[in-house]
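Q: Top to bottom, those sequences are chains A and B. With this note's numbering applied, the first sequence corresponds to residues 107 to 526, in that order. With this note's numbering applied, the second sequence corresponds to residues 216 to 388, in that order. The following block contains the structure, expressed as structure tokens.
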Amino acid sequence: MKDNFFEKLNRTKQKIRLNEIRKKVMRDNLLRFMDSPVPVRRSWIKRLFIQERSKSIFKTKNLFKPMPLIAGITIVTTMFGGGIAFASQTSLPGETLYPVKILTENIRGDLTLSTEGKAEWSVDLAARRLEEASVLAAAGRMNATSSAEIASRFEENTHSVKKNIEKLKEEGNIETAANINSQLESSFKVHNEILVRLEKRDPDLKNVIGFIREKIKEELKNTEKEGHDLDEVIINASSSVKVAAEGKIKAAGNVIDETQKFINNKNSKLSAETSADAENKLGEASSTLLEAKAKLNAGLYSEAFSLAKEAMEKAQETKAIVQAQALFNIRIEDLKDREREKEYQNATSSEEIEYSTSSASSSHGMEKKENDKEKRDNEKDRKEGKSLKADTEANIHADIQNKEEKEIEGEGGLKFKFEF
Amino acid sequence: MDEYKKNEFIKAYDMYADAIFRYCFFRVYSRAQAEEITQDAFMKTWEYIVGGKDIKNIRAFLYRVASNSMIDAIRKHKESSLDEIMEESNAFEPSSEYKEDMEHAIMFKEIKEQLNRLKKEERDIIIMRHVEGFSPQEIAETFNISANNVSVKLNRATKKLRKQFGDYYNYER
């Protein structure tokens with residue numbers, strides 16, 4: 107069956123359109139051009155399209171003394187291989203390896219090429235900050251300094267997400283932008299809920315957690331607004347609300363599938379109860395999606411769109427919960443390990459420890475520096491008569507044993523099991 | 216600069232940007248380039264206005280400027296590779312089915328091949344007529360040629376396309 111040429115031409119031409127966002131960007135550029143005496147010319151589009159290949163990974167915040175380039179390369183290659191970088195990943199504000207963690211986060215972000223990848227990584231980073239806060243709070247080790255540091259990095263990471271969302275919008279990738287915004291929102295809601303529960307259980311924490319929670323509240327307002335704006339753009343840019351709804355349904359289905367895979371992966375790190383709870387929540391998301399499909403078939407496209415969006419949010423929240431719980435468990439375990447390590451070192455630090463006279467590669471240099479600092483820290487603590495072991499281990503034990511699963515009603519009305 | 220002129224000009228942008236973009240896209244087959252040429256066309260037109268010159272038919276003027284810009288752009292355009300087809304399929308508004316995007320991309324490639332076999336003026340005229348919806352008279356005005364000329368070229372091009380397309384399908388089967 108052949109359409110004649112002109113029929114095909116007709117069908118194709120309707121699909122060729124200037125993207126809404128693009129049109130507006132060009133319009134703004136034009137207005138600026140009209141106002142400025144000096145013409146602003148062609149390169150603006152090229153800038154939008156060129157991947158940031160030229161961005162140097164060594165432009166990241168250098169938390170150590172400046173290293174020669176070769177040493178830098180050594181660091182990068184050993185960074186992800188294991189050892190320090192790996193060990194640093196669960197470290198917390200106030201610990202010696204924390205700066206290494208931040209450095210590896212920055213490097214990894216820079217090495218990610220796609221805007222979508224960068225955006226998702228930034229979402230993960232913002233979540234990490236909130237996880238760190240909850241672990242510190244649960245272990246009773248949160249103080250004003252850590253709180254401030256976490257809050258400020260959290261702001262940076264969130265700002266990064268927003269920047270990347272803008273970029274995605276400029277690239278015309280509205281649906282991805284909407285998904286990522288939604289991921290961020292879910293992450294905020296879940297972590298806020300966790301912090302709420304921690305506060306309720308230990309009202310003293312209000313002083314230090316309150317600050318971070320205020321920030322989360324602020325950011326939630328932003329993501330909600332952004333979400334609405336993006337939905338509007340999606341609906342306007344689609345040839346029909348039906349098409350927009352179909353798109354959202356498909357996207358929600360993908361998120362649900364991804365989340366299921368995620369839960370399966372993390373199963374070993376979760377208790378049976380948490381797993382079951384997660385499966386339930388995901389089941390809810392699936393039913394909501396079925397409702398959305400029913401509305402679509404009934405021709406109720408707006409409702410189908412809203413329900414699909416709800417289904418996606420539920421799935422994303424489930425993923426955020428599972429991730430938070432899995433990481434919380436790991437981090438708490440690691441914290442305990444580190445405390446035991448320290449206590450061991452305290453007991454044996456009176457003996458001289460020979461440093462390995464290894465080659466002068468920077469990673470070893472860093473290890474040496476780290477041991478030095480830790481040694482000094484332990485000395486100091488010993489002199490101040492602080493007993494690390496008793497205090498913190500007791501706290502951690504007590505908190506872990508305190509597995510009250512009060513379903514405390516949080517501010518967002520989010521219900522889920524979380525084990526501290 | 217005259218506020219009135221500015222407003223009128225931006226109104227022209229709002230009205231014609233899509234059309235100019237589409238016109239360019241069917242010539243250069245790259246979304247990025249089409250956008251750049253569109254933007255450029257508007258800027259050049261504004262500079263012309265700022266220079267004190269009067270434009271009677273801004274729509275026609277915009278098409279002419281864009282057309283001239285494209286001569287350079289087309290010289291740089293290479294043959295389509297599979298990657299480019301995929302890139303082109305991104306040029307369409309996102310549809311709910313990946314399959315639909317591919318169908319459109321393939322259909323589009325056919326159209327592009329056919330159009331490329333025409334002479335430059337014939338191609339322009341076909342696009343103006345069938346994509347932009349200009350009447351032969353309007354086309355004549357835009358490109359400063361006689362209406363007769365336009366009709367003749369239009370006829371010739373249409374016949375060619377029908378035959379080419381027919382051949383294309385006969386060959387395929």
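Every residue, glycine too, gets a C-beta built ideally from N, C-alpha and C. Note that this is a predicted model, so its numbers are computed, not measured.
Quick one: does Tyr-231 (chain B) have its CB under 8 Å from some CB of chain A?
A: Taking the first residue of the second sequence as 1, we reach residue 231 (chain B) at position 16. Chain A contact via Cβ: absent.
Q: Roughly how many angstroms lie between the CA atoms of Asp-229 (chain B) and Arg-242 (chain B), to the nearest whole one?
A: For the purposes of this step, residue 229 (chain B) is identified with residue 14 of the second sequence, where counting begins at 1. For the purposes of this step, residue 242 (chain B) is identified with residue 27 of the second sequence, where counting begins at 1. Taking the straight line from one Cα to the other gives about 22 Å.
Q: Closest Cβ-Cβ distance between Leu-274 (chain A) and chain B: below 8 Å?
A: As a working note, residue 274 (chain A) is residue 168 in the first sequence. Taking Cβ atoms only, chain B never reaches closer than 8 Å to Leu-274 (chain A), which makes this a no.
Q: Can you find a C-beta in chain B that's less than 8 Å from the C-beta of Arg-148 (chain A)?
A: Working through the first sequence from its first residue, we reach residue 148 (chain A) at position 42. Bear in mind that a pLDDT of 40 at Arg-148 (chain A), under 50, signals an unreliable position, so the model cannot answer this.
Q: Contact between the segment 252 to 259 of chain A and the segment 291 to 310 of chain A: three or more CB pairs below 8 Å?
A: Result no; under three Cβ-Cβ pairs closer than 8 Å.
Q: Please list, in chain order, the chain B residues whose beta carbon lies closer than 9 Å to that of Asn-575 (chain A).
A: The question about residue 575 (chain A) has no answer, for chain A in this structure spans 107 to 526.
Q: From Ser-377 (chain A) to Glu-330 (chain A), what does the alpha carbon distance come to, in whole angstroms?
A: Here residue 377 (chain A) refers to the residue found at position 271 of the first sequence. Here residue 330 (chain A) refers to the residue found at position 224 of the first sequence. Going by the C-alpha atoms only, they are around 32 Å apart.
Q: What residue from A:Met-418, A:Gly-333, A:Ser-374 and A:Tyr-450 has the CA that sits closest to Val-428 (chain A)'s CA?
A: Locating residue 428 (chain A) in the first sequence gives position 322, counting from the first residue. The residue with the shortest Cα to Cα distance from Val-428 (chain A) is A:Ser-374.
Q: Report the rounded CA-to-CA distance for Ile-340 (chain A) versus Lys-448 (chain A), giving the unit in angstroms.
A: Locating residue 340 (chain A) in the first sequence gives position 234, counting from the first residue. Locating residue 448 (chain A) in the first sequence gives position 342, counting from the first residue. Roughly 54 Å between the two C-alpha positions.
Q: Mind checking the segment 331 to 350 of chain B against chain A and listing, in chain order, the residues whose C-beta falls within less than 7 Å of any C-beta there?
A: Result list: His-345 and Val-346.
Q: Just reading off the alpha helix (DSSP H) that Met-230 (chain B) is part of, what are its end residues?
A: One-based indexing of the second sequence puts residue 230 (chain B) at position 15. Segment 218 to 243, the alpha helix (DSSP H) holding Met-230 (chain B).
Q: Which residues in chain A sit within 7 Å of Arg-237 (chain B), going by Cβ to Cβ distance?
A: Counted from its first residue, the second sequence places residue 237 (chain B) at position 22. Going along chain A in sequence order, the residues near Arg-237 (chain B) (Cβ under 7 Å) are Lys-119 and Ile-122.
Q: Going along the chain, which residues of its own chain have a beta-carbon closer than 7 Å to the beta-carbon of Ala-283 (chain A), five neighbours each way excluded?
A: Here residue 283 (chain A) refers to the residue found at position 177 when the first sequence is read from its first residue. Counting only Cβ-Cβ distances below 7 Å, and skipping sequence neighbours, we find Ile-271, Leu-274, Lys-275 and Leu-336.
Q: Using a threshold of 8 Å, state whether the C-beta atoms of Asn-135 (chain A) and Gln-248 (chain B) are closer than that.
A: Taking the first residue of the first sequence as 1, we reach residue 135 (chain A) at position 29. Taking the first residue of the second sequence as 1, we reach residue 248 (chain B) at position 33. For Asn-135 (chain A) and Gln-248 (chain B), no; Cβs fall outside 8 Å.
Q: From Thr-221 (chain A) to Lys-269 (chain A), what does the alpha carbon distance come to, in whole angstroms?
A: The sequence position of residue 221 (chain A) within the first sequence is 115, counting from 1. The sequence position of residue 269 (chain A) within the first sequence is 163, counting from 1. Cα-Cα distance, rounded: 10 Å.
Q: Would Val-314 (chain A) and Ile-438 (chain A) qualify as a contact pair, given that the criterion is a beta-carbon distance under 8 Å?
A: On the first sequence, position 208 is the one that residue 314 (chain A) refers to. On the first sequence, position 332 is the one that residue 438 (chain A) refers to. Cβ distance not < 8 Å, so Val-314 (chain A) and Ile-438 (chain A) don't count as in contact.
Q: Distance cutoff 8 Å, beta carbons only. Does Arg-242 (chain B) sit that close to anything in chain A?
A: For this step, residue 242 (chain B) is matched to residue 27 along the second sequence. Not closer than 8 Å to any Cβ of chain A, the Cβ of Arg-242 (chain B) fails to qualify, so no.
Q: Taking a cut of 7 Å between CB atoms, which residues from the segment 262 to 276 of chain B lie near chain A?
A: Taking 7 Å as the Cβ-Cβ cut-off against chain A, none of the residues of the segment 262 to 276 of chain B qualify.
Q: Count the other CB atoms, across all protein chains shown, that sit within 10 Å of the CB of Ser-345 (chain A); report buried if there are 16 or more and exposed otherwise.
A: Here residue 345 (chain A) is taken as the residue at index 239 of the first sequence, counted from 1. Ser-345 (chain A) comes out exposed.
Q: Identify, in the order they occur along the chain, each residue of the same chain with its Cβ nearer than 6 Å to the Cβ of Arg-377 (chain B), setting aside the five sequence neighbours on each side.
A: Locating residue 377 (chain B) in the second sequence gives position 162, counting from the first residue. Taken in chain order, the list of residues that qualify is empty.
Q: If the criterion is Cβ atoms closer than 8 Å, does the pair Ala-232 (chain A) and Asn-263 (chain A) meet it?
A: Translated into the one-based positions of the first sequence, residue 232 (chain A) becomes position 126. Translated into the one-based positions of the first sequence, residue 263 (chain A) becomes position 157. Contact: yes.
Q: Name the chain B residues whose beta carbon is nearer than 7 Å to that of Lys-98 (chain A)?
A: Absent from the model: residue 98 (chain A). The displayed extent of chain A is 107 to 526, so no value can be given.
Q: Against Lys-221 (chain B), what residues of chain A qualify as contacts under a CB-to-CB distance less than 7 Å, listed in chain order?
A: By one-based count along the second sequence, residue 221 (chain B) stands at place 6. Result: Met-140.
Q: Please identify the residue among A:Asp-310, A:Arg-307 and A:Leu-396 whose C-alpha is closest to the C-alpha of Ala-414 (chain A).
A: For the purposes of this step, residue 414 (chain A) is taken as the residue at position 308 of the first sequence. Of the candidates A:Asp-310, A:Arg-307 and A:Leu-396, the one whose C-alpha sits nearest the C-alpha of Ala-414 (chain A) is A:Leu-396.
Q: Taking only the alpha-carbon atoms, compute the straight-line gap between Glu-320 (chain A) and Lys-521 (chain A) and give it to the nearest angstrom.
A: Your numbering for residue 320 (chain A) matches position 214 in the first sequence. Your numbering for residue 521 (chain A) matches position 415 in the first sequence. Spanning the two alpha carbons is a distance of roughly 21 Å.
Q: Return the chain-ordered list of same chain residues with a C-beta closer than 8 Å to the C-beta of Thr-251 (chain A), the five sequence neighbours on each side being excluded.
A: Residue numbering aside, residue 251 (chain A) sits at position 145 when the first sequence is read from its first letter. Cβ neighbours of Thr-251 (chain A) beyond the five flanking positions: Pro-199 and Gly-200.
Q: What does a CB cutoff of less than 8 Å around Glu-356 (chain B) pick up in its chain, not counting 5 residues either side in sequence?
A: Translated into positions along the second sequence, residue 356 (chain B) becomes position 141. Cβ within range, chain order: Asn-272 and Ala-275.
Q: Looking at C-alpha atoms only, which residue of A:Asn-287, A:Lys-129, A:Asp-363 and A:Glu-332 is the closest neighbour of Ala-421 (chain A)?
A: Your numbering for residue 421 (chain A) matches position 315 in the first sequence. Nearest option by C-alpha distance: A:Asp-363.
Q: Is the Cβ-Cβ distance between Glu-337 (chain B) and Ala-234 (chain B) less than 8 Å?
A: On the second sequence, position 122 is the one that residue 337 (chain B) refers to. On the second sequence, position 19 is the one that residue 234 (chain B) refers to. For Glu-337 (chain B) and Ala-234 (chain B), no; Cβs fall outside 8 Å.
Q: Among residues of its own chain, excluding the 5 on either side of Asn-285 (chain A), which ones have a beta-carbon nearer than 8 Å to its beta-carbon?
A: Counted from its first residue, the first sequence places residue 285 (chain A) at position 179. Only Ala-357, Val-361 and Met-418 meet the Cβ criterion.
Q: On the three-state DSSP scale, how would you describe Ala-60 (chain A)?
A: Nothing can be reported for residue 60 (chain A), as the shown portion of chain A is limited to 107 through 526.
Q: Which residues mark the beginning and the end of the alpha helix (DSSP H) in which Gly-267 (chain B) is found?
A: What you label residue 267 (chain B) is simply residue 52 of the second sequence in a count that begins at 1. Premise fails: Gly-267 (chain B) is in no alpha helix (DSSP H) and is neither H nor E.
Q: Below 8 Å on the Cβ atoms is my guess for Ala-372 (chain B) versus Leu-333 (chain B); work out the distance and round it to an integer in Å.
A: Indexing the second sequence from 1 puts residue 372 (chain B) at position 157. Indexing the second sequence from 1 puts residue 333 (chain B) at position 118. With a Cβ gap of about 6 Å, Ala-372 (chain B) and Leu-333 (chain B) count as contacting.
Q: Output the boundary residues of the alpha helix (DSSP H) element that contains Thr-365 (chain A).
A: Here residue 365 (chain A) corresponds to residue number 259 of the first sequence, with the count starting at 1. Looking at the DSSP string, the run of the alpha helix (DSSP H) that includes Thr-365 (chain A) is 347 to 372.
Q: With H, G and I counted as helix, E and B as strand and the rest as coil, what does DSSP make of Pro-199 (chain A)?
A: To locate residue 199 (chain A), count along the first sequence from 1; it is residue 93. In this structure, Pro-199 (chain A) counts as coil in the three-state DSSP scheme.
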